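Residue numbers (my numbering): 3 to 91.
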């Protein structure tokens, strides 16, 4: 294998590492997005089978029975509820 082939392989590996890092950033940012703000009404209904208003009403109803997050990194009540909707889908 000559230097040119070695350089090409090294470049390919570096490109794969960049792609993997970009994918991780996208995955993390997707998790941080607030679906109430970042989804249209139609997208929200398609994903969660409830309108934003109905979902917020249910969250307000169950809020008194749920513990508020104690850590800054913990999921909010809204996120926990939406996560449960996804699990039961």
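For every residue, glycine included, the Cβ atom is placed at its ideal position computed from N, Cα and C. This one's a predicted model, so the numbers in the text were calculated from it and none came from an experiment.
Boundaries (first-last residue) of the alpha helix (DSSP H) holding residue 67: Counted from its first residue, the chain shown places residue 67 at position 65. Residue 67 -> no alpha helix (DSSP H), and no H or E assigned at all.
Within the continuous alpha helix (DSSP H) that includes residue 1, where are the two ends? No statement about residue 1 is possible, as the shown extent of the chain runs from 3 to 91 and does not include it.
Rounding to the nearest angstrom, what Cα-Cα distance links residue 64 and residue 45 in this structure? Here residue 64 refers to the residue found at position 62 when the chain shown is read from its first residue. Here residue 45 refers to the residue found at position 43 when the chain shown is read from its first residue. Rounded to the nearest angstrom, the two C-alpha atoms are 24 Å apart.
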